[in-house]
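Undergrad: The structure's right below; bear with me while I get my questions together.
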Amino acid sequence: MANDASSRLERMSGMLKRRGFILPAFEIHGGAKGLYDFGPNGGRLRTRVNQLWLDHWTSLGNIVEISSPTITPYEVLEASGHVGEFSDFMTTCLACQDVSRADTLLEGAHPNPDSLNKDELDVLLQKNQPPCPSCATSDWSKVVAQNLMFNTTIGAGNSGRPGFLRPETAQGMFTSFTSLYRHFREKLPFGAVQVGKGYRNEISPRQGMIRLREFNMAELEYFIDPQTTPQHDLTKWDNVSFDLLSEDNGQVTMTIAEAIAKGIVRHPTVGYFMAMTYDFLVAVGINADRIRFRQHESNEMAHYATDCWDAEIEGSYGWIECVGIAHRGCYDLESHEKYTGKTLRARREFATPQEVVIDGWTIDGSIAGPAFRSLAGKVKTAVEQLPLETEFPISLNIDEQMISVESSHVKRLQKTETLTGEWFIPHVVEPAFGIDRIIWHVLDHAYTETTKQDDSYTMMKLSPSVVPIDYCVFPLFEKDGMSELAKMVNERFNSKRGIISSYDSSGSIGRRYARADEIGVPICVTIDHQSLEDNTVTVRIRDTGEQTRVPIDEL
RNA sequence: GCGAGCGUAGUGUAGUGGUUAUCACCGAGCGUUGCCAACGCUUGAACCCGGGUUCGAGUCCCGGCGCUCGCACCA
124 MANDASSRLE RMSGMLKRRG FILPAFEIHG GAKGLYDFGP NGGRLRTRVN QLWLDHWTSL
184 GNIVEISSPT ITPYEVLEAS GHVGEFSDFM TTCLACQDVS RADTLLEGAH PNPDSLNKDE
244 LDVLLQKNQP PCPSCATSDW SKVVAQNLMF NTTIGAGNSG RPGFLRPETA QGMFTSFTSL
304 YRHFREKLPF GAVQVGKGYR NEISPRQGMI RLREFNMAEL EYFIDPQTTP QHDLTKWDNV
364 SFDLLSEDNG QVTMTIAEAI AKGIVRHPTV GYFMAMTYDF LVAVGINADR IRFRQHESNE
424 MAHYATDCWD AEIEGSYGWI ECVGIAHRGC YDLESHEKYT GKTLRARREF ATPQEVVIDG
484 WTIDGSIAGP AFRSLAGKVK TAVEQLPLET EFPISLNIDE QMISVESSHV KRLQKTETLT
544 GEWFIPHVVE PAFGIDRIIW HVLDHAYTET TKQDDSYTMM KLSPSVVPID YCVFPLFEKD
604 GMSELAKMVN ERFNSKRGII SSYDSSGSIG RRYARADEIG VPICVTIDHQ SLEDNTVTVR
664 IRDTGEQTRV PIDEL
């Protein structure tokens, strides 16, 4: 990093701390790595970014907002693949308290211990009793998953159930699928969004706000029918050139429609969301020239993705991925379906109903039922698989038992079924936003150092859509009723929903403008002598310094 | 996690083992001024934490925590 760039970073970090944007958390207790506070100005900035994000997606009309817990039972994240992909399985030697990886201990006992789940490792560990590498005792604790997810116990003592703090908000949308499907009257496509905290116990948080242990994320899970070609109106972006770093074509610049047409972006919905993402980033104040999209290499993709584009933003730390737009296929719903046995599917009606002719065998319930008792169901399934030519009696292996199916147990089954549609697992396209990283770059791009009369001058050219304070009201001086009038104007601003105004009377007028510029207040209003006479005030614009007189009633 | 460097008011900093810890900006109050960081006076605020060496530690040593960078790990 160039020297002037890193000293700019230092000055900016100092300012962000001094002005209450972002601060290291718990500092009076020595601080905690990877955890940050949003201060008095940052808190509101974050809320406005979150709100803008929600509005951006819910305005599409078929997207709803949900909220699910951050505490997540073990099973959910085992089903999603996170336990396997995000954790190592650890066990503690009860004699010397040394911690070892369970799969490493069992390398001699199993061809591929890495593939085992927690319970299997537990069983194998108790059976094999491998010696502890440091003290040679064989007395191991229960296996616990450790590493990138924060472990916790849900409930107290022995009744406690293992869980994690969620590493992403997405799982809540998947586990709520049936409710969402019903909410949308069983019609795809639809989506659900969630803004909230996620947690990853990073081994080594770095680069300030870029890698955190607790972070703000905002995710959309958009469920689609893989057999329907999505129609998205991309004309809005016909004049926008996107910088794309594609896996096969290298760096190219083109419209999103062109990228989809050429197959560089492999799915239209992924492309549409890339364009939507671009709009959002620009709306919160990211410099459009410093946004690019990078396609993941096949070997780099997360365990769930089949195509993935990152939106990267250039800032003080170089190009940083701030949004991941992943085509997750049917991975998540399928995983939860397999794990729970619950149906997580949508129905697709056929254009023309299909006739299916069935001509084979089934059981005669009144005879086979009493004969096979609890196995009857499985016998039925097996018999219905048999070809028409089958001769009875026949021996079948049901649950390791050889049973004989007599001709009296069965009957011919001849029917014609009309299938009007089928059930399938929807595919998912997921834009996942790292809000903290975006906020960092919003601040980074807004932070402007200039000089004013040979003095260095700092201002935050924040977009009005995200500024923490909308207006500042100053009395030019505190006498003859100017401060009263200014306080009245300030209260009037504050009484408007969603508007924050701040009153400031300390220091010279120039100092107050400078203070307002540093936290990015777009408009300052000054009350002077003339205001007392004709009810007009000076309105001063942050970015230009331009002043105009405006009647109070027109503010 | 390993290695290197660093840690002093809100911010940026000065500080040979020896008074009450430097300076600037900053915040608060008062006064003068009154539309772009004005001035004067008053005032507020710090040696990351814990051990050790020493008569005496901000300064030297050890450990922890945090920050930055490199390697490793990783959305």
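In our numbering, the protein residues as written are 124 to 678.
Glycine residues also receive a C-beta, built at the ideal position from the N, C-alpha and C atoms.
#1: Do you know offhand how far R284's Cα is from G464's?
#2: Return the chain-ordered list of same chain residues with a C-beta closer than 7 Å to the C-beta of T400, the five sequence neighbours on each side being excluded.
#3: Measuring alpha carbon to alpha carbon, tell me which residue in T215, T649, T276, A279 is nearest L248.
#4: Relative to the ligand COA, is the shortest distance from any of its heavy atoms to the C-beta of I486 smaller than 7 Å?
#5: Alpha helix (DSSP H) containing K250: first to last residue?
#6: From what residue to what residue does the beta strand (DSSP E) around L519 run?
#7: Rounded to the nearest angstrom, how far is the Cβ of W176 from that of F556, given a contact under 8 Å?
#8: Just the C-alpha distance for A499 and Y322, rounded to the nearest angstrom, thanks.
#9: Thinking just about the alpha-carbon of each residue, which of Q653, G633, P674 is nearest to the one in R665?
#10: Name, in chain order, the residues that DSSP records as bridge partners for C445.
#11: Can the beta-carbon of R70 be found closer than 8 Å to that of G157?
#12: Counting along the chain, where does the alpha helix (DSSP H) carrying K461 start and finish?
#13: Would P196 and G295 qualify as a contact pair, given that the criterion is a beta-carbon distance under 8 Å?
#14: Select from K140, A315, V363 the residue whose C-alpha is nearest the C-alpha of V552.
#15: Under DSSP, the beta strand (DSSP E) around S369 begins and ends at which residues?
#16: Which residues bound the beta strand (DSSP E) around D651?
#17: Output the boundary residues of the alpha helix (DSSP H) element that contains H405.
#18: Give me the Cα-Cα distance between I646 and N617, rounded to the nearest whole angstrom.
#19: So, for H205: in the same chain, excluding its five sequence neighbours on each side, which residues have a beta-carbon less than 7 Å away from its beta-carbon?
#20: Quick one: is Y462 buried, meaning 16 or more other Cβ sit within 10 Å of its Cβ, or exposed?
#21: Hey, how far is the Cα of A639 from the Cα of I186?
#22: Between the C-alpha atoms of S518 and E309, what's the straight-line distance to the nearest angstrom?
#23: Among P328, R535, E420, whose alpha-carbon lies nearest the alpha-carbon of G65?
#24: Along the chain, where does the beta strand (DSSP E) that runs through L599 open and close?
#25: For the candidate residues L343, K265, V375, G165, whose alpha-carbon lies nearest to that of F396?
#26: Between D245, E601, F209, E208, which has its C-alpha nearest A225's C-alpha?
#27: Between T276 and the rest of its own chain, which residues show a CB-CB distance below 8 Å, the 5 nearest in sequence each way excluded?
#28: Count the other CB atoms within 10 Å of the CB of F149; is the residue buried (16 or more) or exposed (fewer)?
#29: Assuming V318 and N173 are in contact, meaning their beta carbons sit under 8 Å apart, how far apart are those beta carbons, in whole angstroms?
#30: For H550, does the three-state DSSP call read helix, strand or coil?
#31: Tell me whether H564 is buried or exposed, calling it buried when 16 or more other Cβ atoms sit within 10 Å of its Cβ.
#32: Please classify N362 as buried or exposed, where buried requires at least 16 other C-beta atoms within 10 Å of its C-beta.
#33: Can you tell me which residues form a DSSP beta bridge with P147?
#34: With DSSP run on the structure shown, which of helix, strand or coil describes M124?
#35: Hey, quick one: how far does the beta strand (DSSP E) through I186 stretch, first residue to last?
#36: Quick check on G492: does DSSP put it in helix, strand or coil?
TA: If we stick to the structure as given:
#1: The alpha-carbon atoms of R284 and G464 are separated by roughly 21 Å.
#2: For T400, where only same-chain residues beyond five positions count, the Cβ hits under 7 Å are A434, V446, I448, P554.
#3: T215
#4: The model on display carries no ligand, and the ligand COA is accordingly not part of it.
#5: 241-251
#6: 517-521
#7: 7 Å
#8: 49 Å
#9: For the residues Q653, G633, P674, the minimum Cα distance to R665 belongs to G633.
#10: For C445, which the question treats as bridged, DSSP gives no partner whatsoever.
#11: Only positions 124 to 678 of the chain appear in the structure, and residue 70 is not among them; the question remains open.
#12: 454-463
#13: No, they are not a contact pair.
#14: A315
#15: 365-369
#16: Counting along the chain, D651 falls outside any beta strand (DSSP E), and DSSP gives it neither H nor E.
#17: Correcting the residue type first, residue 405 is Val in the shown sequence and not His. Counting along the chain, the alpha helix (DSSP H) containing V405 begins and ends at 391-406.
#18: 14 Å
#19: M272, P290
#20: That one is exposed.
#21: 37 Å
#22: 44 Å
#23: The first residue shown for the chain is 124 and the last is 678, placing residue 65 beyond what the model contains.
#24: From DSSP, L599 is part of no beta strand (DSSP E); its letter is neither H nor E.
#25: L343
#26: Nearest of D245, E601, F209, E208 to A225, Cα basis: D245.
#27: The beta carbon of T276 is closer than 8 Å to those of G283, R284, P285, G286 in its chain, skipping five residues each way along the sequence.
#28: exposed
#29: 5 Å
#30: strand
#31: buried
#32: Classification for N362: exposed.
#33: Y159
#34: Here M124 scores only 43 on pLDDT, less than 50, and its place in the model should not be relied on; the value that follows carries that caveat. Three-state result, M124: coil.
#35: Following the DSSP letters along the chain, one finds I186 inside the beta strand (DSSP E) bounded by residues 186-188.
#36: helix
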